[in-house]
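Read the structure below first, then the notes.
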Ligand code: TXA
Ligand code: MG
C-alpha cells in the first residue's frame with residue numbers, strides 16, 4: 011500500500027469501529043473513534059485495561075480540543091506553546107462533548123493531546139474526529155515504540171498497525187492537569203518539566219501524595235519479566251546492564267542507554283532496551299536487569315519514573 015492508501019484504509023477501519031496501531035512521537039497508540047462506545051470498549055478489552063482508567067483523546071488541533079474541553083487562559087497558553095507535541099492537558103470536560111463516557115471513565119475531566127507525528131496527524135485529518143488512544147501494549151507491560159512491538163503484544167486484537175518507524179521521543183507524553191488556575195504535574199514524560207516552566211511561564215505543582223491523581227499511574231507498570239535493580243554502579247556477571255555513560259566492567263551483557271549521558275537519548279532507547287534486556291536475561295538464563303543511575307533532570311525525570319515503576323513489586 012502507498013502511505014496515502016494506508017491512511018485511508020486506517021480511517022475506514024476507525025469509522026467502522028475498529029482499532030488501529032498509530033505511531034506518535036512518544037509511543038505507539040491503540041486508536042479508536044472516541045465518540046463510539048463500542049469501539050472504545052474494544053480498546054479496554056484488547057489491552058486488558060481496567061475500565062476505571064481513562065484514556066487520552068487525540069485531536070488534530072487546538073480548535074478540536076476546545077470542542078471536548080474547556081480551556082482556561084493558562085491552558086490556552088500551554089496548548090499554544092507546546093502543541094502539536096508530547097504534552098497532555100487534563101481539563102474540565104465539556105458537558106456536551108461528543109465523547110463516549112467510557113473514554114473519561116466517568117470523570118468530569120478529560121485528557122487531551124495534539125500529537126506531532128506526521129502519520130498521527132495524517133490519520134487524525136483523514137478520520138476527521140477525536141481518537142481515543144492509550145499506549146498500544148497489554149496493560150502493565152512495556153510501552154511500544156515500534157510497529158513490531160505493537161504486533162508482538164497485541165497480535166490480531168488490533169485491526170491494522172501503521173508503521174511510522176521508531177517513536178523519536180520514546181516515553182509517553184507529560185500530563186499536566188489545569189485546575190483553579192494552577193498547573194499540576196500528573197505524569198513526567200516526553201516534554202521536560204523545566205521546558206514547561208520556562209516557555210509556559212508557570213510553576214508546576216506536583217500531584218498531592220495520597221490520592222492517585224492519574225488513575226493509570228499504578229505503582230507496577232511498564233514491567234519486563236526479569237527483576238530490575240536500580241541505581242547500580244557495580245553490575246554482577248549474571249545481570250544485563252543498562253548503561254548511562256561508559257559502563258563499568260563485570261556485567262554479563264551491556265546495553266547502552268546513552269554513551270554521552272544525554273537523557274533524551276536514554277528516553278528514546280528506554281523501552282526498546284528494556285525489551286531487549288528482558289530477552290537477553292531469558293536467552294542466557296541470567297538473573298536480572300541492572301540499571302545505571304539516571305539524573306532526574308530534563309527527560310531523565312520521565313526515564314527515572316518509568317524505571318521505578320518497572321522495578322516496583324508486581325501484583326499477582
Ligand atoms: O504519549 C502518550 O501519552 C501516549 C500516546 C499514545 O499518546 N498515550 C498514553 O496513554 O500514554 P495511556 O493510556 O497509556 O496513559 C494515559 C494516562 C493514564 O495514566 C490515565 O490514567 C491518565 O492518562 N488520564 C487520562 N485521563 C485522565 C483524567 N481525566 N484525569 C487524570 N488522568 C487521566
Ligand atoms: Mg500506557
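In our numbering, the protein residues as written are 11 to 326.
Backbone N, C-alpha and C define an ideal beta-carbon position, used for all residues, glycine too.
Everything numeric in this text was worked out from a predicted model, so none of it was measured.
Note down, in chain order, each residue of its chain lying with its Cβ closer than 8 Å to the Cβ of residue 56, except the 5 sequence neighbours on either side. Against the chain shown, residue 56 aligns to sequence position 46. Cβ within range, chain order: 29, 40, 164, 167 and 168.
Which same chain residues, not among the five before or five after residue 221, have their C-beta less than 6 Å away from its C-beta? Here residue 221 refers to the residue found at position 211 when the chain shown is read from its first residue. In this prediction, residue 221 scores a pLDDT of 44, lower than 50, which makes its location untrustworthy; the coordinate-derived value is nonetheless stated afterwards. Excluding sequence neighbours, residue 221 sits near nothing in its chain.
Kindly indicate which three-state DSSP category residue 187 falls into: helix, strand or coil? Here residue 187 refers to the residue found at position 177 of the chain shown. DSSP places residue 187 in strand when its eight states are reduced to three.
For residue 316, name the three-state secondary structure that DSSP assigns. Position 306 of the chain shown holds residue 316. In the structure shown, residue 316 sits in a helix (DSSP, three-state: H, G or I).
Tell me the residue span of the alpha helix (DSSP H) that contains residue 135. Numbered from 1 along the chain shown, position 125 holds the residue referred to as residue 135. 128-137 is the extent of the alpha helix (DSSP H) around residue 135.
Please report the Cβ distance between residue 102 and residue 80, rounded to the nearest whole angstrom; I am assuming they are in contact, meaning their Cβ atoms lie under 8 Å. Numbered from its first residue, the chain shown carries residue 102 at position 92. Numbered from its first residue, the chain shown carries residue 80 at position 70. The pair is a contact, with the Cβ atoms about 5 Å apart (cut-off 8 Å).
Are at least three pairs of beta-carbons, each pair with one atom in the region 62-70 and one in the region 141-150, less than 8 Å apart? yes
Exposed or buried, which one is residue 294 when buried takes at least 16 other CB atoms within 10 Å? Counting from 1 along the chain shown, the entry for residue 294 is found at position 284. So residue 294 counts as exposed.
Measuring only the C-alpha atoms, how far is residue 343 from residue 213? It is not possible to answer for residue 343, since the shown part of the chain is limited to 11 through 326.
Got a sec: does ligand 1 put a non-hydrogen atom nearer than 7 Å to the Cβ of residue 197? Stepping through the chain shown from its first residue, residue 197 is reached at position 187. Residue 197: yes, Cβ under 7 Å from ligand 1.
Mark residue 26 as exposed unless 16 or more other C-beta atoms lie within 10 angstroms of its C-beta, in which case mark it buried. Along the chain shown, one-based indexing puts residue 26 at 16. With fewer than 16 other Cβ atoms within 10 Å, it is exposed.
Start and end residues, beta strand (DSSP E) containing residue 152: In the chain shown, residue 152 corresponds to position 142, counting from 1. That residue, residue 152, is in no beta strand (DSSP E); it is neither H nor E in DSSP.
Considering Cα atoms alone, identify which of 197, 191 and 47 is closest to residue 111. For the purposes of this step, residue 111 is taken as residue 101 along the chain shown, with counting starting at 1. Nearest of 197, 191 and 47 to residue 111, Cα basis: 47.
Is it the case that the CB of residue 33 approaches a heavy atom of ligand 2 more closely than 7 Å? Residue mapping note: residue 33 aligns to position 23 of the chain shown, counting from 1. For ligand 2, not one heavy atom lies less than 7 Å from the Cβ of residue 33.
Residue 215 by DSSP, collapsed to three states: which one? By 1-based counting over the chain shown, the position of residue 215 is 205. Of the three classes helix, strand and coil, the one that applies to residue 215 here is strand, per DSSP.
Is it true that the region 169-188 meets the region 199-217, where meeting means three or more beta-carbon pairs spaced less than 8 Å apart? yes
Local conformation of residue 122 per DSSP, three classes: Taking the first residue of the chain shown as position 1, residue 122 is located at position 112. If DSSP states are grouped into helix, strand and coil, residue 122 belongs with the strands.
How do the region 273-280 and the region 237-250 stand: do at least 3 beta-carbon pairs fall below 8 Å, yes or no? no
Cβ-based neighbour list, residue 23, same chain, cut-off 8 Å, excluding 5 preceding and 5 following: By one-based count along the chain shown, residue 23 stands at place 13. Answer for residue 23: 29, 30, 169 and 170, listed in chain order.
Between 255, 178, 264 and 234, which lies nearest to residue 247 when the distance is taken from Cα to Cα? Here the question's residue 247 lines up with position 237 in the chain shown. That would be 264, whose Cα lies nearest to the Cα of residue 247.
Please go through the same chain and pick out, in chain order, the residues whose beta-carbon is closer than 8 Å to the beta-carbon of residue 211, but skip the five residues on each side of it. Position 201 of the chain shown, counted from the first residue, corresponds to residue 211. Counting only Cβ-Cβ distances below 8 Å, and skipping sequence neighbours, we find 87.
Simplified DSSP state of residue 27, which is helix, strand or coil: Looking up residue 27 in the chain shown gives position 17. Looking at residue 27 - three-state DSSP - the assignment turns out to be coil, as it is neither helix nor strand.
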